[in-house]
C-alpha cells in the first residue's frame, strides 16, 4: 500500500520522465500555483535527480489574478503582464522543456465586470500568440499536470466534508495518472503503446470525414488530406518524445477548417479563464459557427467565438471512449485537462501543425489552404456520450463504424 | 487595539506608499517567497487600490533553491537562472518600481558543498551586475521588506515554543515597521523627517573622515570629496521619492575606496546567501583588506572578499544609534535588513552612486578615481556597539565627536 507521499513522488516522477521525457543536462521550467508548492518542489527534486542542469519555477496565484479584477479599473485591462509569456517563450525558443501544474478556481472570475474579463481574455490571447505558435509545432517538450487547490476541490466535491475535499481530489488524480501504482512508469509505457496503436489504425484508414451522431448531436467533421492521428506522446522538433498531457486518454487530429457541418451539443460543462459555460449547442456550416446557444455562459461563449476569424472554426477532433477511467470515475473535474480525457471532444481555434504531414514547415497561408485552422485560442469542449456513434467516411465515400454507444469498434 | 489583520494591512500600505511611493498608473513588480503569500497578496491589493496599472508577482522558494544544491552536481553551478534578474532588469530599465519581500532560512546552505556555494555566489553576483548598477543609481524606486517564514522564525526565536515563533517575529516586525500604530503612515513621515535632518547636519560638516573607536575596533574611514549623506528615502532618477528599506534607522554615505585604515570587528553575526559569519575582524590598509579572521564562517568570508578587486574595499558607511528600536528589542534577526538598522554598519563592495554629488553621471573610471568603489557585491556588516565612539575629522584636520557610547552627540 503506497502512502500519500509515495504517490506524490510517483506523480512527480511520471511528470518528469513520461511527461517531459527529461534529458540529462537540460534546463526545465516548472509553472505552478503557489498553493501546489509541495508537488512543485518534488517535481524540481525529481528533475534534478534525472540530471536537469537547472530548474526554474515560475509561480502563479489565483488571488493575485483576482485582485486585479477586484481593485483595478477597466481601462487598465487592454494590457496583460508580459512576464509569464516572455519567460515561457524564452524556454520554447531555446527548445527547453516546460512542465505546467494547472490548478485554478473554476469560477474565479464569476461576478467580475464582463468588460474587464473580455478585454483581459483578448489581451492574454494576443500576448500568448508567439508562444502558442511554438506549442503548435512542438518546438519543445511540454506537459500539463494538475494538483488540488482548495477552491478547485470545493467545486469538484461540494457535498463532501470540507476537510476531505482536497484528499478526494488527490485520490482521483493519483488514480487517473497511475501514480497509485507501484509500477506507474511501466503502466504508462503500456498505456501509450495502446493509444499509439489506435492512432496508427485510424491513420491507416485515411478517412475523409467523421460523422458524430447522438440524440443531441449530428455533426460531420471533414478531415483534410494529410491529416495525422496522434496520441499525446509525440516527438518534439528535435525528435525527443514527450507526453503533453498527464493524464491522457485521447487520440486526436485536425479537422478541415472549411468542412464541418451540422449541430453539436456539449456533454460536460466547460471552464475557460475562470468562467463556466454549460449546455451549449453550436451549429456549423462550411466549417464556421453560424448559430449557438448556451444554458449557462452564453455571453462568455459569444465573446470566445468572436476572438478572431479562426475562433469560430475547429482546430482539433479527439476520440476518447466513454469507458475511459476518468469518465467511469463519475467525477466532473471543472478542469479541461481531466474532462477532455473523459469523452470525445473537439476544440475551437487553432490546430496543431504536427497533426498534418509536413505541417510544421508550412506558412500560415499554406497551412490554412490545406484546411488547417489558425486562431489566438484553442479551447477544447466535450461532446462524447454513451449514446454517441461515430462513423468514418472512407475515401471511396463509403462509411464504417468507428465508435458505437461511446466505445471504439475498430 | 489593532488586530493581526489590521497590522498586516498597515504594513502592506506602508510598503506601497512609504516604501515604493507608488504613483497612479504605475506598473509594480513584487518579489515574494511562496511562504509569505498572505502579505504579498495584501501588497498587491494595496497597490491596485493606490492606482497601480498592473502588478506582477515573482515568487521565490528556499526549498527549490536548496534542492539544486542537494541534487545537482558541482559542474552545473557556473550557471544561475537568468529568470529573476532578467525580469527585475526589465522593470528597472523601464523605471518601474520593485517591492521585495525578503525572507530566507539564514542557514539554508549550511553543510552544502562549498564548491557549489562558491560557484553559485560568483555566478549569481555576475548575473546581478546589470541590475545592481541600476539600483546604485536609483534608476527606479525599490523597497525591501520582510515577513516571517518558519525556518527564519526558528533561527530568531529558537527557545520559544515552536507554534509561537512566527507570531513573535510578526510582533517584532510590526513594531519595527510602525505597522502596529493606528497612524503608521504619519509616524513614518515624521521618522523620515528626523533622519533627513540628521543627514543634512552631517552634510553641513563635510568631514574628510570618520574615526570609529571601541574596545574591539579602531578604524578610520576616509570620505571622498563630494560625498553625500542620505536617509533611506531618496528620489529616484525621475525625481520621485521612495524609501529603500522598511524599517530604516540609518544615515549613510560612501567611504573613499583608498582611504580606510585600521581594524574593525563585527558586533553581530552576518548571514549572506545562506551562510553565517560571526566574530570576524578585518584589517584595512589604504582602503584594502590586508588581514582577516572569523570565529565562524571564515571560509565564506574569504570567498566573499575574493569575489573581485572591489570586494575587499568598502562601499558604504552608515550611522545608527544603539538606542535604535531594533537594537533595543534585543532581538538578533539573522536578516541584514533588520540587523543593519540596529547599529552602525559598513559594507564591503560597491558604493551607491547617489552618495556622491553628480555620481550617477560618472563613468566607472571617473567614479573610482574620485574614491567610489565598484564590485559585484554589496554586503553590509554590523560594527556598532554601546562602547563605540565616532569622531568626525573636519577639513581643517581637527576632530569633533559625532557619537559617544553608541549615541549621536551632534
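Chains as they are written, first to last, in our numbering: chain C, -16 to 393; chain P, -16 to 393. Using N, Cα and C, we set each Cβ at its ideal position, and we do this for glycine too.
Can you find a CB in chain P that lies within less than 8 Å of the CB of residue i?
i             : result
residue 362/C : no
residue 62/C  : yes
residue 134/C : no
residue 47/C  : yes
residue 104/C : no
residue -7/C  : no
residue 85/C  : no
residue 100/C : no
residue 36/C  : yes
residue 70/C  : yes
residue 328/C : no
residue 96/C  : no
residue 51/C  : yes
residue 289/C : no
What residue from the options has the CA that sits closest to residue i's CA?
i             : options                       : result
residue 55/P  : -16/C, 27/C, 139/C and 49/C   : 27/C
residue 1/C   : 372/C, 353/C and 82/C         : 82/C
residue 180/P : 34/P, 232/P and 341/P         : 232/P
residue 377/C : 289/C, 188/C and 359/C        : 188/C
residue 279/P : 383/P, 261/P and 337/P        : 261/P
residue 197/C : 372/C, -12/C, -1/C and 115/C  : 372/C
residue 85/C  : 95/C, 41/C and 76/C           : 41/C
residue 37/C  : -5/P, 5/P, 103/P and 167/P    : 103/P
residue 250/P : 317/P, 224/P and 186/P        : 317/P
residue 11/P  : 323/P, 44/P, 125/P and 107/P  : 125/P
residue 63/C  : 89/C, 105/C, 96/C and 213/C   : 105/C
residue 74/P  : 73/C, 347/C and 66/C          : 66/C
residue 134/P : 87/P, 144/P, 111/P and 162/P  : 87/P
residue 369/P : 335/P, 360/P, 327/P and -11/P : 327/P
residue 258/P : 287/P, 237/P and 246/P        : 287/P
residue 343/P : 210/P, 305/P and 255/P        : 210/P
residue 358/P : 334/P, 338/P and 364/P        : 334/P
residue 297/P : 351/P, 308/P and 305/P        : 351/P
residue 331/C : 158/C, 337/C, 356/C and 151/C : 356/C
residue 329/P : 347/P, 337/P, 294/P and 346/P : 294/P
Give the C-beta separation of residue i and residue j to the nearest angstrom, bearing in mind that I take them to be a contact with Cβ-Cβ under 8 Å.
i             : j             : result
residue 205/P : residue 191/P : 7 Å
residue 216/C : residue 175/C : 5 Å
residue 193/C : residue 234/C : At roughly 12 Å, the Cβ-Cβ gap does not stay under 8 Å, so residue 193/C and residue 234/C are not in contact.
residue 239/C : residue 341/C : Actually they are not in contact, since the Cβ atoms of residue 239/C and residue 341/C sit about 16 Å apart, beyond 8 Å.
residue 267/P : residue 277/P : Not a contact, Cβ separation roughly 16 Å.
residue 199/P : residue 248/P : 4 Å
residue 45/C  : residue 91/C  : 6 Å
What span of residues does the beta strand (DSSP E) with residue i cover, start to end?
i             : result
residue 15/P  : 10 to 16
residue 221/P : No beta strand (DSSP E) holds residue 221/P; DSSP gives it neither H nor E.
residue 168/P : Run containing residue 168/P: none in the beta strand (DSSP E); it sits in the alpha helix (DSSP H), 167 to 188.
residue 204/P : 201 to 205
residue 192/P : 192 to 196
residue 83/C  : 81 to 84
Taking the alpha helix (DSSP H) that residue i belongs to, which residues open and close that run?
i             : result
residue 27/P  : 20 to 32
residue -13/P : -13 to -3
residue 148/C : 148 to 159
residue 0/P   : Premise fails: residue 0/P is in no alpha helix (DSSP H) and is neither H nor E.
residue 133/C : 133 to 139
Would you verify that the beta carbon of residue i is, or is not, closer than 8 Å to some beta carbon of chain C?
i             : result
residue 31/P  : yes
residue 42/P  : yes
residue -1/P  : no
residue -4/P  : no
residue 381/P : no
residue 17/P  : yes
residue 39/P  : yes
residue 186/P : no
residue 208/P : no
residue 143/P : no
Closer than 7 Å: is that where the CB of residue i sits relative to any heavy atom of the ligand FAD?
i             : result
residue 326/P : Because no ligand of any kind appears in the structure shown, any question about the ligand FAD cannot be addressed here.
Which complete beta strand (DSSP E) runs does the stretch 234 to 281 of chain P hold, if anything under 3 residues is left out?
Segments of the beta strand (DSSP E) lying fully in the stretch 234 to 281 of chain P: 234 to 236, 243 to 248, 253 to 255, 258 to 268 and 271 to 279.
Of all the beta strand (DSSP E) runs that stay within the bounds of the stretch 101 to 131 of chain P, which reach a length of 3 or more residues?
Listed in chain order, the complete beta strand (DSSP E) runs (minimum 3 residues) inside the stretch 101 to 131 of chain P are 125 to 128.
At what residue ranges does the stretch 31 to 77 of chain C contain a whole run of the beta strand (DSSP E), taking only runs of 3 or more?
Those beta strand (DSSP E) runs which fall completely within the stretch 31 to 77 of chain C and span 3+ residues are 37 to 43.
Ordered list of beta strand (DSSP E) runs contained in the stretch 280 to 338 of chain C, each at least 3 residues
List check, beta strand (DSSP E) in window: 297 to 302 and 328 to 332.
Whole runs of the beta strand (DSSP E) within the stretch 349 to 390 of chain C, excluding any shorter than 3 residues
With a minimum length of 3 residues, the continuous beta strand (DSSP E) runs that stay inside the stretch 349 to 390 of chain C are 361 to 365, 372 to 376 and 382 to 387.
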